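In this note's numbering, the protein residues as written are 203 to 353. To start, the structure under review is shown below, and the notes come after it.
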C-alpha cells in the first residue's frame with residue numbers, strides 16, 4: 203500500500219511525524235522522489251518506523267500484560283494500579299515485545315513481576331500520575347525496565 207504524505211510549503215524531501223491507518227510514525231523521505239507537482243512523496247506504509255498498534259486505555263486497579271499489549275497503555279484509575287508482568291509459562295508474550303505504561307490517573311502505577319527477572323537488578327517499578335515505564339521482553343522471563351521513579 204502506498205500513501206502520499208504532503209509537506210506544507212514546499213516539495214522538498216522532509217522528515218516528520220505522520221499518521222496512516224491509525225499508526226503514528228516518523229518518516230524520513232530524503233531518498234523519495236517527488237511526483238509531477240513536487241509536493242508529495244509516495245511512501246510505502248509497511249516500511250514506516252512505528253511504535254505499533256493504536257494505544258489503549260485500561261481501567262481498574264489490576265492489569266496483567268497480554269499477547270496483544272505491544273503498544274502504549276494508559277491507566278487512568280484514581281487508585282494505584284498494579285500491572286503484572288506474567289511469566290512466560292503463563293502468557294508467552296513474544297521476545298522483543300515493547301510496552302509503554304503511562305499513568306494518567308491520580309493513583310499512579312506499580313509493576314508486579316513474581317517469577318520474572320527485571321533489568322536492571324533493582325529497577326524503579328513505580329510511577330506517579332503523568333509518568334511512564336518502558337518495558338521490553340528480551341528472553342523468556344527477562345524484561346528490561348526503563349523509567350519509573352521509585353522502587
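Even glycine gets a Cβ: it sits at the ideal position worked out from N, Cα and C. Note that the structure is a prediction, hence the values are computed from the model and not measured.
Classification of residue 269 by the beta-carbon crowding that lies within 10 angstroms, buried from 16 upward: By the 10 Å Cβ count, residue 269 comes out exposed.
Per-residue burial, residue 322 [other beta carbons within 10 Å of its own, 16 or more giving buried]: Around the beta carbon of residue 322, a 10 Å sphere encloses fewer than 16 other beta carbons of the protein chains shown; the residue is thus reported as exposed.
Anticipated Cβ contact below 8 angstroms, residue 326 with residue 351, distance rounded: Indeed, because the Cβ distance is near 6 angstroms, the residues count as touching under 8 angstroms.
Simplified DSSP state of residue 333, which is helix, strand or coil: Assignment of residue 333 by DSSP, reduced to helix, strand and coil, places it in the coil class.
Which residues DSSP lists as bridging residue 357, in chain order: Given that the chain is displayed from residue 203 to residue 353, the structure contains no residue 357 and the question cannot be resolved.
Continuous beta strand (DSSP E) stretch holding residue 302: start and end: Counted as a single uninterrupted DSSP element, the beta strand (DSSP E) harbouring residue 302 occupies residues 300 to 305.
Residue(s) in a DSSP beta bridge with residue 258: In the DSSP output, where bridge partners are listed per residue, residue 258 has 275.
Assigned secondary structure, residue 341 (DSSP; H/G/I helix, E/B strand, else coil): Here residue 341 sits in strand by DSSP.
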